[in-house]
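The opening position of the sequence shown corresponds to residue 894 in this note's numbering, with each subsequent residue numbered one higher.
Note that the Cβ used here is the ideal one computed from N, Cα and C, for glycine as well.
Owing to the predicted nature of the structure, the values given are computational and were not obtained by experimental measurement.
Taking it in order: structure first as C-alpha coordinates, then the write-up.
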Amino acid sequence: MIDIKSMNQAEITALLAELGEPAFRAKQVFRWLHQGADSFEKMSNLSKPLREKLAERCSLRPPVVERRQISREDGTVKYLWRLGDGNCIETVLMRYHHGNTVCISSQVGCRMGCAFCASTLGGKVRDLTAGEMLDQVLFTQLDSGLPVSNIVLMGIGEPLDNFDNVLRFLELVNSPEGMNIGMRHISLSTCGLTEKIDKLAEYQLQLTLSVSLHAPDDETRSRLMPVNRSVGVDRLFACCRRYFERTGRRISYEYAMVDGVNDADWQADLLASRLRGMPGHVNLIPLNHVAESPLKPSRRTAAFQKRLESHGITATVRRKLGGDIDASCGQLRRKRMLEEEGRQTETPQ
(Lines of atoms letter the chains of each structure in order from A and count residues from 1; the text may use other names and numbers.)
(Lines give C-alpha, C1' and ligand atoms only; values in the text may rest on other atoms or scores of the structure.)
Protein backbone atom coordinates (compact mmCIF):
# COMPACT_ATOMS: atom_id res chain seq x y z
CA MET A 1 0.00 0.00 0.00
CA ILE A 2 1.18 3.52 -0.80
CA ASP A 3 1.95 5.81 2.15
CA ILE A 4 0.10 8.80 0.72
CA LYS A 5 0.39 10.89 3.91
CA SER A 6 4.17 11.06 3.42
CA MET A 7 3.88 12.22 -0.19
CA ASN A 8 4.28 15.82 -1.32
CA GLN A 9 1.87 17.45 -3.73
CA ALA A 10 3.99 16.70 -6.81
CA GLU A 11 4.07 13.01 -5.95
CA ILE A 12 0.32 12.93 -5.40
CA THR A 13 -0.11 14.65 -8.77
CA ALA A 14 1.91 11.89 -10.42
CA LEU A 15 -0.09 9.21 -8.61
CA LEU A 16 -3.40 10.70 -9.72
CA ALA A 17 -2.13 11.02 -13.29
CA GLU A 18 -1.62 7.25 -13.26
CA LEU A 19 -5.29 6.98 -12.27
CA GLY A 20 -6.32 9.25 -15.13
CA GLU A 21 -7.16 12.22 -12.89
CA PRO A 22 -6.41 15.90 -13.59
CA ALA A 23 -3.65 17.71 -11.69
CA PHE A 24 -6.01 19.93 -9.69
CA ARG A 25 -7.27 16.85 -7.84
CA ALA A 26 -3.86 16.54 -6.17
CA LYS A 27 -4.31 19.85 -4.38
CA GLN A 28 -7.72 18.72 -3.12
CA VAL A 29 -6.34 15.41 -1.83
CA PHE A 30 -3.32 17.12 -0.25
CA ARG A 31 -5.54 19.60 1.58
CA TRP A 32 -7.81 16.85 2.87
CA LEU A 33 -4.82 14.94 4.21
CA HIS A 34 -3.47 18.03 5.95
CA GLN A 35 -6.84 18.90 7.44
CA GLY A 36 -6.98 15.55 9.24
CA ALA A 37 -9.28 13.46 7.03
CA ASP A 38 -9.00 9.96 8.51
CA SER A 39 -10.51 8.15 5.53
CA PHE A 40 -10.80 8.71 1.79
CA GLU A 41 -14.57 8.43 2.11
CA LYS A 42 -14.61 11.79 3.90
CA MET A 43 -13.03 13.60 0.93
CA SER A 44 -16.42 14.80 -0.20
CA ASN A 45 -15.37 16.87 -3.23
CA LEU A 46 -13.80 13.82 -4.89
CA SER A 47 -15.82 11.44 -7.01
CA LYS A 48 -16.80 8.14 -5.42
CA PRO A 49 -14.80 6.12 -8.00
CA LEU A 50 -11.67 8.14 -7.21
CA ARG A 51 -12.16 7.70 -3.47
CA GLU A 52 -12.50 3.97 -4.01
CA LYS A 53 -9.35 3.80 -6.16
CA LEU A 54 -7.37 5.72 -3.53
CA ALA A 55 -8.62 3.41 -0.78
CA GLU A 56 -7.54 0.38 -2.81
CA ARG A 57 -4.01 1.67 -3.47
CA CYS A 58 -3.17 3.88 -0.50
CA SER A 59 -3.02 3.41 3.26
CA LEU A 60 -4.43 6.03 5.61
CA ARG A 61 -3.93 5.00 9.23
CA PRO A 62 -4.26 7.94 11.62
CA PRO A 63 -2.99 7.55 15.19
CA VAL A 64 -5.39 6.68 17.99
CA VAL A 65 -5.24 8.26 21.45
CA GLU A 66 -4.12 5.45 23.75
CA ARG A 67 -3.79 7.76 26.75
CA ARG A 68 -4.17 11.49 27.34
CA GLN A 69 -2.90 13.25 30.45
CA ILE A 70 -3.53 16.92 31.22
CA SER A 71 -1.48 18.79 33.78
CA ARG A 72 -3.46 20.50 36.52
CA GLU A 73 -0.45 22.75 37.06
CA ASP A 74 -0.01 24.39 33.65
CA GLY A 75 -2.37 22.77 31.13
CA THR A 76 0.34 20.76 29.36
CA VAL A 77 -1.16 17.81 27.50
CA LYS A 78 0.72 14.54 27.04
CA TYR A 79 -0.48 12.11 24.38
CA LEU A 80 0.36 8.47 24.01
CA TRP A 81 -0.57 7.64 20.43
CA ARG A 82 -1.10 4.11 19.14
CA LEU A 83 0.12 3.79 15.56
CA GLY A 84 -1.32 1.60 12.85
CA ASP A 85 1.11 -1.25 13.63
CA GLY A 86 0.35 -1.18 17.37
CA ASN A 87 3.51 0.66 18.44
CA CYS A 88 3.12 3.69 20.68
CA ILE A 89 4.79 7.11 20.63
CA GLU A 90 4.47 10.29 22.66
CA THR A 91 3.61 13.89 21.85
CA VAL A 92 3.46 16.82 24.26
CA LEU A 93 1.44 20.01 23.79
CA MET A 94 2.82 22.96 25.76
CA ARG A 95 1.22 26.35 26.19
CA TYR A 96 3.32 29.50 26.16
CA HIS A 97 2.45 33.19 25.96
CA HIS A 98 3.82 33.27 22.40
CA GLY A 99 1.67 30.36 21.24
CA ASN A 100 1.24 26.61 21.53
CA THR A 101 4.20 24.32 20.97
CA VAL A 102 4.01 20.62 20.14
CA CYS A 103 6.95 18.33 20.93
CA ILE A 104 6.93 15.34 18.60
CA SER A 105 8.70 11.98 18.36
CA SER A 106 10.76 10.95 15.34
CA GLN A 107 11.27 7.26 16.12
CA VAL A 108 9.61 4.44 18.04
CA GLY A 109 12.19 4.11 20.79
CA CYS A 110 15.79 5.30 20.51
CA ARG A 111 19.20 3.65 20.19
CA MET A 112 21.34 6.51 21.54
CA GLY A 113 21.37 5.26 25.13
CA CYS A 114 21.47 8.58 27.01
CA ALA A 115 21.59 7.85 30.74
CA PHE A 116 19.02 10.45 31.77
CA CYS A 117 16.32 9.64 29.18
CA ALA A 118 13.46 7.14 29.37
CA SER A 119 13.06 7.14 25.56
CA THR A 120 16.04 4.87 25.06
CA LEU A 121 14.92 2.17 27.51
CA GLY A 122 14.09 -0.83 25.35
CA GLY A 123 16.09 0.50 22.39
CA LYS A 124 14.91 1.57 18.96
CA VAL A 125 12.03 -0.26 17.29
CA ARG A 126 11.75 1.64 14.00
CA ASP A 127 11.79 5.03 12.32
CA LEU A 128 8.62 7.06 12.01
CA THR A 129 7.45 8.01 8.54
CA ALA A 130 7.06 11.65 7.56
CA GLY A 131 3.30 11.14 7.67
CA GLU A 132 3.41 9.76 11.22
CA MET A 133 5.36 12.81 12.36
CA LEU A 134 2.92 15.11 10.59
CA ASP A 135 -0.03 13.31 12.19
CA GLN A 136 1.34 14.08 15.66
CA VAL A 137 1.12 17.80 14.95
CA LEU A 138 -2.17 17.61 13.10
CA PHE A 139 -4.12 15.33 15.43
CA THR A 140 -2.77 16.99 18.57
CA GLN A 141 -4.20 20.24 17.21
CA LEU A 142 -7.52 18.61 16.28
CA ASP A 143 -7.90 16.71 19.56
CA SER A 144 -6.99 19.64 21.80
CA GLY A 145 -8.82 22.30 19.79
CA LEU A 146 -5.73 24.50 20.19
CA PRO A 147 -3.83 25.91 17.20
CA VAL A 148 -0.20 24.83 17.00
CA SER A 149 2.27 27.54 16.03
CA ASN A 150 5.61 25.97 17.00
CA ILE A 151 7.15 22.51 16.68
CA VAL A 152 10.09 20.93 18.48
CA LEU A 153 11.53 17.59 17.40
CA MET A 154 12.66 16.65 20.88
CA GLY A 155 10.42 13.71 21.70
CA ILE A 156 11.25 10.01 21.46
CA GLY A 157 14.09 9.24 19.04
CA GLU A 158 17.05 10.99 17.43
CA PRO A 159 15.78 13.07 14.48
CA LEU A 160 19.04 12.98 12.54
CA ASP A 161 19.09 9.19 12.84
CA ASN A 162 15.92 9.33 10.71
CA PHE A 163 17.30 12.00 8.41
CA ASP A 164 15.37 11.54 5.15
CA ASN A 165 11.97 11.10 6.79
CA VAL A 166 12.53 14.12 9.03
CA LEU A 167 13.47 16.26 6.03
CA ARG A 168 10.32 15.15 4.23
CA PHE A 169 8.26 15.96 7.35
CA LEU A 170 9.74 19.45 7.44
CA GLU A 171 8.81 19.93 3.78
CA LEU A 172 5.23 18.79 4.40
CA VAL A 173 4.54 20.77 7.56
CA ASN A 174 6.04 23.89 5.94
CA SER A 175 3.85 23.59 2.83
CA PRO A 176 1.57 26.61 2.18
CA GLU A 177 -1.15 24.17 1.08
CA GLY A 178 -0.82 22.29 4.36
CA MET A 179 -0.23 23.44 7.94
CA ASN A 180 2.14 26.17 6.70
CA ILE A 181 4.28 26.29 9.86
CA GLY A 182 7.40 28.32 9.10
CA MET A 183 10.89 26.92 9.57
CA ARG A 184 11.74 29.66 12.07
CA HIS A 185 9.02 28.17 14.29
CA ILE A 186 10.63 24.71 14.26
CA SER A 187 13.44 23.40 16.48
CA LEU A 188 15.32 20.17 15.86
CA SER A 189 17.26 18.53 18.69
CA THR A 190 20.18 16.17 18.12
CA CYS A 191 22.58 14.33 20.41
CA GLY A 192 25.36 15.39 18.07
CA LEU A 193 25.60 13.18 14.98
CA THR A 194 28.27 15.32 13.34
CA GLU A 195 28.07 13.91 9.80
CA LYS A 196 24.31 14.45 9.78
CA ILE A 197 24.68 17.99 11.18
CA ASP A 198 27.05 18.80 8.32
CA LYS A 199 24.53 17.31 5.89
CA LEU A 200 21.69 19.32 7.42
CA ALA A 201 23.72 22.52 7.02
CA GLU A 202 23.78 21.97 3.25
CA TYR A 203 20.01 22.53 3.10
CA GLN A 204 20.28 26.03 4.61
CA LEU A 205 17.04 25.59 6.56
CA GLN A 206 15.97 28.44 8.81
CA LEU A 207 15.05 26.16 11.71
CA THR A 208 16.73 26.24 15.12
CA LEU A 209 19.27 23.49 15.74
CA SER A 210 19.43 22.36 19.36
CA VAL A 211 22.40 20.25 20.38
CA SER A 212 21.92 18.00 23.41
CA LEU A 213 25.28 18.71 25.01
CA HIS A 214 24.88 18.01 28.75
CA ALA A 215 28.62 18.17 29.47
CA PRO A 216 31.62 20.13 28.10
CA ASP A 217 34.21 17.39 28.70
CA ASP A 218 34.59 13.94 27.15
CA GLU A 219 34.69 11.94 30.38
CA THR A 220 31.38 13.30 31.69
CA ARG A 221 29.60 13.44 28.34
CA SER A 222 30.58 9.87 27.47
CA ARG A 223 29.19 8.76 30.82
CA LEU A 224 25.88 10.47 30.13
CA MET A 225 25.73 9.99 26.35
CA PRO A 226 27.37 6.91 24.77
CA VAL A 227 27.30 8.62 21.34
CA ASN A 228 30.14 10.85 22.56
CA ARG A 229 32.54 7.91 22.59
CA SER A 230 32.55 7.93 18.81
CA VAL A 231 32.21 11.69 18.33
CA GLY A 232 34.03 13.55 21.11
CA VAL A 233 33.39 17.05 22.37
CA ASP A 234 36.14 18.71 20.30
CA ARG A 235 34.77 17.25 17.08
CA LEU A 236 31.21 18.17 18.05
CA PHE A 237 32.05 21.83 18.71
CA ALA A 238 34.03 22.04 15.47
CA CYS A 239 30.96 20.74 13.66
CA CYS A 240 28.73 23.29 15.43
CA ARG A 241 31.09 26.06 14.35
CA ARG A 242 30.85 24.87 10.74
CA TYR A 243 27.07 24.76 10.98
CA PHE A 244 26.93 28.36 12.19
CA GLU A 245 29.36 29.55 9.52
CA ARG A 246 27.35 27.80 6.80
CA THR A 247 23.84 28.77 7.90
CA GLY A 248 24.26 31.89 10.04
CA ARG A 249 21.84 30.28 12.52
CA ARG A 250 22.66 30.46 16.21
CA ILE A 251 22.68 27.06 17.94
CA SER A 252 20.91 26.28 21.20
CA TYR A 253 22.79 23.95 23.55
CA GLU A 254 20.62 21.77 25.78
CA TYR A 255 22.15 21.05 29.18
CA ALA A 256 20.27 18.82 31.64
CA MET A 257 21.47 19.68 35.13
CA VAL A 258 22.52 16.49 36.95
CA ASP A 259 23.47 16.65 40.60
CA GLY A 260 27.18 16.10 41.18
CA VAL A 261 27.83 15.05 37.59
CA ASN A 262 27.88 18.06 35.24
CA ASP A 263 27.09 21.04 37.49
CA ALA A 264 30.52 22.04 38.86
CA ASP A 265 32.02 25.52 38.42
CA TRP A 266 34.91 24.14 36.37
CA GLN A 267 32.45 22.64 33.93
CA ALA A 268 30.68 25.98 33.55
CA ASP A 269 34.05 27.62 32.90
CA LEU A 270 35.01 24.97 30.33
CA LEU A 271 31.66 25.28 28.56
CA ALA A 272 32.06 29.05 28.37
CA SER A 273 35.56 28.71 26.90
CA ARG A 274 34.29 26.30 24.21
CA LEU A 275 31.50 28.70 23.23
CA ARG A 276 33.69 31.78 23.13
CA GLY A 277 33.49 33.57 19.79
CA MET A 278 30.60 31.45 18.55
CA PRO A 279 27.05 32.83 18.96
CA GLY A 280 24.95 30.38 20.92
CA HIS A 281 22.53 29.97 23.75
CA VAL A 282 22.67 27.53 26.66
CA ASN A 283 19.34 26.12 27.79
CA LEU A 284 19.69 24.69 31.30
CA ILE A 285 17.13 21.95 31.87
CA PRO A 286 15.92 20.85 35.32
CA LEU A 287 16.34 17.08 35.19
CA ASN A 288 13.15 15.01 35.16
CA HIS A 289 13.36 11.98 37.42
CA VAL A 290 13.34 8.63 35.63
CA ALA A 291 12.60 5.68 37.93
CA GLU A 292 15.20 3.42 36.29
CA SER A 293 17.98 6.03 36.54
CA PRO A 294 20.11 6.90 39.62
CA LEU A 295 20.65 10.45 38.36
CA LYS A 296 19.14 13.26 40.40
CA PRO A 297 18.25 16.91 39.59
CA SER A 298 21.01 19.42 40.35
CA ARG A 299 20.80 21.80 43.28
CA ARG A 300 23.23 24.22 41.60
CA THR A 301 21.30 25.29 38.51
CA ALA A 302 21.11 28.97 39.52
CA ALA A 303 24.82 29.08 40.44
CA PHE A 304 25.77 27.36 37.16
CA GLN A 305 23.71 29.87 35.19
CA LYS A 306 25.33 32.79 37.01
CA ARG A 307 28.78 31.37 36.34
CA LEU A 308 28.08 31.10 32.60
CA GLU A 309 26.69 34.63 32.49
CA SER A 310 29.82 35.94 34.21
CA HIS A 311 31.70 34.77 31.09
CA GLY A 312 29.27 36.56 28.79
CA ILE A 313 27.34 33.41 27.80
CA THR A 314 23.58 33.68 27.35
CA ALA A 315 21.99 31.04 29.57
CA THR A 316 18.39 30.48 30.59
CA VAL A 317 16.63 27.87 32.71
CA ARG A 318 13.90 26.02 30.87
CA ARG A 319 10.48 26.36 32.41
CA LYS A 320 9.45 22.93 33.71
CA LEU A 321 6.07 21.89 32.32
CA GLY A 322 3.89 18.85 32.91
CA GLY A 323 5.76 17.61 35.96
CA ASP A 324 2.62 15.92 37.28
CA ILE A 325 1.88 13.94 34.07
CA ASP A 326 5.12 12.09 33.17
CA ALA A 327 5.83 14.76 30.55
CA SER A 328 9.51 14.05 30.02
CA CYS A 329 10.47 11.99 26.97
CA GLY A 330 9.53 8.33 26.99
CA GLN A 331 8.03 8.08 30.46
CA LEU A 332 4.43 7.45 29.41
CA ARG A 333 5.44 5.00 26.68
CA ARG A 334 7.71 3.18 29.16
CA LYS A 335 4.86 2.95 31.67
CA ARG A 336 2.62 1.34 29.04
CA MET A 337 5.38 -1.11 28.04
CA LEU A 338 5.75 -2.20 31.66
CA GLU A 339 2.00 -2.61 31.97
CA GLU A 340 1.98 -4.79 28.85
CA GLU A 341 4.86 -6.88 30.20
CA GLY A 342 2.97 -7.29 33.48
CA ARG A 343 -0.13 -8.53 31.69
CA GLN A 344 1.89 -11.01 29.65
CA THR A 345 3.54 -12.52 32.73
CA GLU A 346 0.35 -12.89 34.76
CA THR A 347 -0.51 -16.50 35.52
CA PRO A 348 -3.83 -17.57 33.96
CA GLN A 349 -6.52 -18.33 36.51
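- Rounded to the nearest whole angstrom, the C-alpha separation of P1119 and E1138 is 27 Å.
- Note that the C-beta distance between V1059 and L1046 is below 8 Å.
- Shown here, T1022 sits in coil according to DSSP, grouped into three states, outside any helix or strand.
- Inter-segment contact for the segment 1105 to 1119 and the segment 1151 to 1162 is present: three or more beta-carbon pairs are separated by less than 8 Å.
- According to DSSP, Y972 shares a beta bridge with R961, T984.
- Separation of the CB atoms of N1176 and S1145 is rounded to 5 Å, and the pair is thereby assigned contact status at 8 Å.
- In the structure shown, N1055 falls within a helical segment according to DSSP collapsed to helix, strand and coil.
- For Y1136 against A1094, the beta-carbon gap comes to about 5 Å, under 8 Å, which counts as contact.
- Taking the Cα positions, I1049 is about 37 Å away from L939.
- Where T1087 is concerned, there is no enclosing beta strand (DSSP E), although the alpha helix (DSSP H) around it starts and stops at 1087 to 1094.
- Following the DSSP letters along the chain, one finds C1133 inside the alpha helix (DSSP H) bounded by residues 1126 to 1140.
- For M1150, the three-state secondary structure derived from DSSP is strand.
- Here P955 has D931, D1028, F1032 as same chain residues with Cβ atoms under 7 Å from its own Cβ, once five neighbours each way along the sequence are excluded.
- Taking M1005 as the centre and dropping the five residues before and after it, the same chain places the C-beta of T1013, E1051, D1054, C1084, M1118, P1119, V1120 closer than 8 Å to its C-beta, in chain order.
- Annotation for Q1000: the continuous beta strand (DSSP E) segment containing it runs 1000 to 1002.
- In the three-state DSSP reduction, N1043 falls in the strand class (E or B).
- Between D1091 and the set C1003, S1123, T1140, G1071, the nearest pair of CA atoms involves T1140.
- Excluding five sequence positions before and after T1194, the CB atoms of its chain that fall closer than 8 Å to its own CB belong to M1150, D1156, L1177, P1179, V1210, given in chain order.
- Following the DSSP letters along the chain, one finds H1174 inside the beta strand (DSSP E) bounded by residues 1173 to 1179.
- 8 Å or more divides the Cβ of C981 from the Cβ of E966.
- Your pair S1105 and S1082 checks out as a contact, with CB atoms roughly 6 Å apart and the cut at 8 Å.
- The way I'd put it, the segment 1068 to 1079 doesn't touch the segment 965 to 979; fewer than three beta-carbon pairs between them come closer than 8 Å.
- Here the alpha carbons of V1126 and A948 stand approximately 50 Å from one another.
- With 16 or more neighbouring CB atoms inside 10 Å of its own CB, F1197 falls in the buried class.
- Non-local C-beta neighbours of I895 in its own chain, meaning closer than 8 Å and more than five positions away in sequence, comprise L908, R950, C951, S952, ordered along the chain.
- Straight across, the Cα-Cα distance linking E1088 with A1131 is about 12 Å.
- In summary, Y1148 is buried, with 16 or more beta-carbon neighbours lying within 10 Å of its beta-carbon over all protein chains present.
- Cβ neighbours of R924 within its own chain (closer than 8 Å, five residues either side excluded): E1070, G1071.
- Taking 8 Å as the upper bound for CB-CB distance, S1123 and A1008 are not in contact here, some 16 Å apart.
- Between P1172 and R1143, the C-beta gap is smaller than 8 Å, which places the two residues in contact.
- For L1081, the enclosing beta strand (DSSP E) starts and ends at 1079 to 1083.
- Collapsing the DSSP output to three states places A1008 in coil.
- Apart from the 5 residues on each side of it in sequence, F933 sits with its Cβ closer than 6 Å to the Cβ of R944, L947, A948 in its chain, given in chain order.
- Here the C-alpha atom of E983 lies approximately 18 Å from the C-alpha atom of I1079.
- Only exposed fits A903, as fewer than 16 other CB atoms lie within 10 angstroms of its CB.
- In the structure shown, the three-state DSSP call for T1033 is helix.
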